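Enquirer: There's a structure below that I have some questions on.
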Amino acid sequence: MIEQGFFELLEHWDGLGVLVRQDAPTGTWIFLAIHDDTLGPATGGCRLKVYDRPEDGLRDALRLSEGMTYKWAAMDFPFGGGKTVLAIPRPLQEDERRGLLLRFGELLNSLGGRYGTGADLGTTSDDMQTIAEVSEYVIGVHGRSDGPMDPSPFTALGVFAGIRSAVGHRFGSSALDGRKVLVQGVGAVGGPLVHHLAEAGATVLVSDADTEVASQLAAAVSGVVVAPPDVYMTECDVYAPCAVGATLNKESIGSLQCAIVAGAANNQLESPDDAGRLVERGILYAPDYVINGGGAMAFTLIYQGLEPLSAVEERVLGIGAHLTSIFEECERTGISPVVTARSQAERVLARGPGHADMSSFADLRGRLAL
Ligand code: NAD
Numbered sequence: 001m002i003e004q005g006f007f008e009l010l011e012h013w014d015g016l017g018v019l020v021r022q023d024a025p026t027g028t029w030i031f032l033a034i035h036d037d038t039l040g041p042a043t044g045g046c047r048l049k050v051y052d053r054p055e056d057g058l059r060d061a062l063r064l065s066e067g068m069t070y071k072w073a074a075m076d077f078p079f080g081g082g083k084t085v086l087a088i089p090r091p092l093q094e095d096e097r098r099g100l101l102l103r104f105g106e107l108l109n110s111l112g113g114r115y116g117t118g119a120d121l122g123t124t125s126d127d128m129q130t131i132a133e134v135s136e137y138v139i140g141v142h143g144r145s146d147g148p149m150d151p152s153p154f155t156a157l158g159v160f161a162g163i164r165s166a167v168g169h170r171f172g173s174s175a176l177d178g179r180k181v182l183v184q185g186v187g188a189v190g191g192p193l194v195h196h197l198a199e200a201g202a203t204v205l206v207s208d209a210d211t212e213v214a215s216q217l218a219a220a221v222s223g224v225v226v227a228p229p230d231v232y233m234t235e236c237d238v239y240a241p242c243a244v245g246a247t248l249n250k251e252s253i254g255s256l257q258c259a260i261v262a263g264a265a266n267n268q269l270e271s272p273d274d275a276g277r278l279v280e281r282g283i284l285y286a287p288d289y290v291i292n293g294g295g296a297m298a299f300t301l302i303y304q305g306l307e308p309l310s311a312v313e314e315r316v317l318g319i320g321a322h323l324t325s326i327f328e329e330c331e332r333t334g335i336s337p338v339v340t341a342r343s344q345a346e347r348v349l350a351r352g353p354g355h356a357d358m359s360s361f362a363d364l365r366g367r368l369a370l
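For the sequence shown, the residue numbers in the working numbering are 1 to 370.
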């Protein structure tokens, strides 16, 4: 990956703006990126992570907030794209973490509802509860809904539906019996996904940086463990990236031995050119922000009062039909799934808010009865 500095990163970003702050007590860089607010207030999770360089944290914030713009637009939900990265210098003690989250809450307040946050990689609903002590611009906290607070099982369900859709499109039947699916990263999303796949009859290949976790899960579903360095040259029908972003690049795409890439990770393509590389290799790709939208979709629907949970799950499973429509459009036009999904989302953005006009997170909270 080419290393870029703050200014170079911002020069090539087309978002609305970034709020940058150094949290002196912990030495954390806070990057709060608002990419777009055409459809509603910018909304996206808060990632907390140790990065090699603060610039890598900014890069994540920029890319992830842009991804949120397209994720919400793909679902036609009334939110804009935003994301926060708390780039911590080292793992924090409990009281340091609490202090950081409270100060971040005050920062949210200073934006007056232009951005709302939730849990993401490295943060939990308990963390959101801490932020909620000082700020109302947070979702996914205890006591604000009877629904579950963890979006990951819904994300896993949506990815499962997406894999079935891609298998159906590529092989003529969405049956997973005997299909080999390699899941890279078996955490909050990859873990439940592995169980869905195994229950549907797939042979699951399991890989995780934590080899103990991978071995235990593989044993539970009669699957096979794949060592992390072997993922990209292991033969399978579907490669499901569910760990980190940017695993699809010139080198890895050249090695892949799969027919389909369909997984939960955000920002799977290292560069836009990688979409073309996948097409050249004849690999069907399910655009990340479409296939991994299940958690965000479920949270919104639950807050809107959709019941019972089976109705929410039904809507999440609809991600499969959405992907099928994208794949069919690609077939007709010869354009890649990445470009097709982006054009669909851009049409929604060009149309503007399809719902009641909401200029702030507070309006939205009122509407969703948060
Ligand atoms: P998680 O932290 O619970 O799990 C990630 C897993 O990947 C861990 O088990 C970790 O050991 C493993 N891992 C990390 N680096 C790895 C590597 N290089 N190779 C193999 N394994 C590695 O995270 P999660 O919530 O399951 O999210 C997974 C991905 O899906 C992330 O990219 C996240 O941004 C994306 N995503 C998650 C959600 C959600 O609802 N949780 C929604 C949308 C997108």
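Using N, Cα and C, we set each Cβ at its ideal position, and we do this for glycine too.
Note that the structure is predicted; figures quoted are calculated from it, not measured.
Compare the Cα-Cα distances from R281 to each of Q268, D127, L248, D14 and report the closest residue.
Expert: As a first step, residue 281 must be located in the sequence shown, where it is residue number 281. It is L248.
Enquirer: Near P153, which residues of its chain fall below 7 Å by C-beta distance, leaving aside the five closest residues on each side in sequence?
Expert: What you label residue 153 is simply residue 153 of the sequence shown in a count that begins at 1. P192.
Enquirer: Taking only heavy atoms of the ligand NAD into account, decide whether any of them is closer than 7 Å to the Cβ of S207.
Expert: As a position in the sequence shown, residue 207 is number 207, starting the count at 1. Yes, since a heavy atom of the ligand NAD falls inside the 7 Å radius drawn around the Cβ of S207.
Enquirer: Run the CB neighbour count on H196, radius 10 Å, all protein chains shown included, and call it buried at 16 or more, exposed below.
Expert: Within the sequence shown, numbered from 1, the residue matching residue 196 stands at position 196. Buried, by the Cβ-count rule.
Enquirer: Does the structure place the stretch 270-277 close enough to the stretch 322-332 that three or more beta carbon pairs sit under 8 Å?
Expert: Judged by Cβ distances under 8 Å, the stretch 322-332 makes no contact with the stretch 270-277, as fewer than three pairs qualify.
Enquirer: Give the straight-line distance between the Cα atoms of M75 and R351, rounded to the nearest whole angstrom.
Expert: Taking the first residue of the sequence shown as position 1, residue 75 is located at position 75. Taking the first residue of the sequence shown as position 1, residue 351 is located at position 351. So the alpha carbons of these two residues sit roughly 14 Å apart.
Enquirer: Give the list of continuous beta strand (DSSP E) stretches no shorter than 3 residues that lie fully inside the stretch 203-283.
Expert: For the stretch 203-283, whole beta strand (DSSP E) runs of length 3 or above, ordered along the chain, are 203-207, 238-241.
Enquirer: What is the DSSP secondary structure of F31, reduced to helix, strand or coil?
Expert: Looking up residue 31 in the sequence shown gives position 31. In the structure shown, F31 sits in a strand (DSSP, three-state: E or B).
Enquirer: Mind checking which residues open and close the alpha helix (DSSP H) that includes D60?
Expert: Indexing the sequence shown from 1 puts residue 60 at position 60. Here the alpha helix (DSSP H) through D60 covers 54-75.
Enquirer: Quick test of your reading: E314 and L157, contact by CB under 8 Å. State the CB separation rounded to the nearest angstrom.
Expert: In the sequence shown, the residue the question calls residue 314 occupies position 314. In the sequence shown, the residue the question calls residue 157 occupies position 157. Wrong, their Cβ atoms sit about 10 Å apart, outside the cutoff.
Enquirer: Count the other C-beta atoms from every protein chain shown that fall within 10 angstroms of the C-beta of T340, then say buried if there are 16 or more, exposed otherwise.
Expert: Stepping through the sequence shown from its first residue, residue 340 is reached at position 340. Result: buried.
Enquirer: Since I believe P54 is in contact with A87 (beta carbons under 8 Å), could you give me their beta-carbon distance rounded to a whole number of angstroms?
Expert: Taking the first residue of the sequence shown as 1, we reach residue 87 at position 87. Taking the first residue of the sequence shown as 1, we reach residue 54 at position 54. 5 Å between Cβ atoms; contact.
Enquirer: When the Cα of V348 is compared with those of A33, P78, Q4, which residue comes out closest?
Expert: Position 348 of the sequence shown, counting from 1, holds the residue named residue 348. Comparing Cα positions, the closest option is P78.
Enquirer: Might you give, ordered along the chain, the residues of its own chain that have their beta carbon closer than 6 Å to the beta carbon of N109, omitting 5 neighbours on each side?
Expert: In the sequence shown, the residue the question calls residue 109 occupies position 109. Excluding positions up to five away in sequence, the list reads S135.
Enquirer: Under 7 Å: does the beta carbon of V226 sit that close to some heavy atom of the ligand HEM?
Expert: Looking for the ligand HEM in the displayed structure turns up nothing; the ligands present are the ligand NAD.
Enquirer: I think V206 touches V225, with their Cβ atoms under 8 Å apart; what is that distance to the nearest whole Å?
Expert: Against the sequence shown, residue 206 aligns to sequence position 206. Against the sequence shown, residue 225 aligns to sequence position 225. Their Cβ separation, rounded to whole angstroms, is 6 Å, which keeps V206 and V225 in contact under 8 Å.
Enquirer: With a 10 Å radius around its C-beta and 16 neighbouring C-beta atoms as the bar for buried, classify P337 as buried or exposed.
Expert: Here residue 337 refers to the residue found at position 337 when the sequence shown is read from its first residue. Classification of P337: buried, given that the 10 Å Cβ count is 16 or more.
Enquirer: Within 10 Å of its beta-carbon, does H35 have 16 or more other beta-carbons around it, so buried, or fewer, so exposed?
Expert: By one-based count along the sequence shown, residue 35 stands at place 35. Buried, by the Cβ-count rule.
Enquirer: Just checking, does the stretch 60-76 make contact with the stretch 42-52 on the three C-beta pairs under 8 Å criterion?
Expert: yes
Enquirer: Near R170, what residues of its chain come up, given a Cβ to Cβ distance below 7 Å and the 5 sequence neighbours on each side ignored?
Expert: As a working mapping, residue 170 is identified with position 170 in the sequence shown. Excluding positions up to five away in sequence, the list reads A259, I260, L284.
Enquirer: Per DSSP, what kind of secondary structure is D126 in: helix, strand or coil?
Expert: By 1-based counting over the sequence shown, the position of residue 126 is 126. Note: D126 maps to helix in three-state DSSP.
Enquirer: Give me the Cα-Cα distance between Q268 and T26, rounded to the nearest whole angstrom.
Expert: Numbered from 1 along the sequence shown, position 268 holds the residue referred to as residue 268. Numbered from 1 along the sequence shown, position 26 holds the residue referred to as residue 26. Roughly 30 Å separates the two Cα atoms.
Enquirer: Could you pull the DSSP bridge partners for R21 from this structure?
Expert: What you label residue 21 is simply residue 21 of the sequence shown in a count that begins at 1. Per DSSP, I30.
Enquirer: If we count the other Cβ atoms within 10 Å of its Cβ and call it buried at 16 or more, is R97 buried or exposed?
Expert: Taking the sequence shown and counting its residues from 1, one reaches residue 97 at position 97. Buried, since its Cβ has 16 or more Cβ neighbours within 10 Å.
Enquirer: Express the C-alpha separation of T130 and E94 in angstroms, rounding to a whole number.
Expert: As a working note, residue 94 is residue 94 in the sequence shown. As a working note, residue 130 is residue 130 in the sequence shown. Their Cα atoms are separated by approximately 12 Å.
Enquirer: Taking DSSP as the reference, what is the three-state secondary structure of Q184?
Expert: Residue mapping note: residue 184 aligns to position 184 of the sequence shown, counting from 1. Strand.
Enquirer: Is the CB-CB distance between R168 and A264 below 8 Å?
Expert: In the sequence shown, counting from the first residue as 1, residue 168 sits at position 168. In the sequence shown, counting from the first residue as 1, residue 264 sits at position 264. According to the sequence as given, residue 168 is Gly; it is not Arg. Cβ distance not < 8 Å, so G168 and A264 don't count as in contact.
Enquirer: Which residue wins for smallest C-alpha separation from T155, given the options A188, C236, D23?
Expert: In the sequence shown, counting from the first residue as 1, residue 155 sits at position 155. By alpha-carbon distance to T155, the top candidate from A188, C236, D23 is A188.
Enquirer: Considering Cα atoms alone, identify which of A73, C330, T123 is closest to V290.
Expert: For the purposes of this step, residue 290 is taken as residue 290 along the sequence shown, with counting starting at 1. Comparing Cα-Cα distances from V290 to each of A73, C330, T123, the minimum goes to A73.
Enquirer: Would you tell me roughly how many angstroms separate the C-alpha atoms of G201 and T38, rounded to the nearest one?
Expert: Translated into the one-based positions of the sequence shown, residue 201 becomes position 201. Translated into the one-based positions of the sequence shown, residue 38 becomes position 38. It is roughly 42 Å from the alpha-carbon of G201 to the alpha-carbon of T38.
Enquirer: DSSP on D388, reduced to helix/strand/coil?
Expert: No information on residue 388 is available, as it lies outside the stretch 1 to 370 that the chain covers here.
Enquirer: Which residue marks the beginning of the alpha helix (DSSP H) containing L10, and which one marks its end?
Expert: Indexing the sequence shown from 1 puts residue 10 at position 10. It spans 6-11 - the alpha helix (DSSP H) in which L10 sits, taken as one unbroken run.
Enquirer: Report the three-state DSSP secondary structure of R47 (helix, strand or coil).
Expert: Numbered from 1 along the sequence shown, position 47 holds the residue referred to as residue 47. Correct three-state label for R47: strand.
Enquirer: Whole angstroms are fine: how far does the CA of A175 sit from the CA of S310?
Expert: Within the sequence shown, numbered from 1, the residue matching residue 310 stands at position 310. Within the sequence shown, numbered from 1, the residue matching residue 175 stands at position 175. Approximately 22 Å, taken between the alpha carbons.
Enquirer: Just verifying my parser: in three-state terms, what is the DSSP assignment at I139?
Expert: Taking the sequence shown and counting its residues from 1, one reaches residue 139 at position 139. In the structure shown, I139 sits in coil (DSSP, three-state: anything other than H, G, I, E or B).
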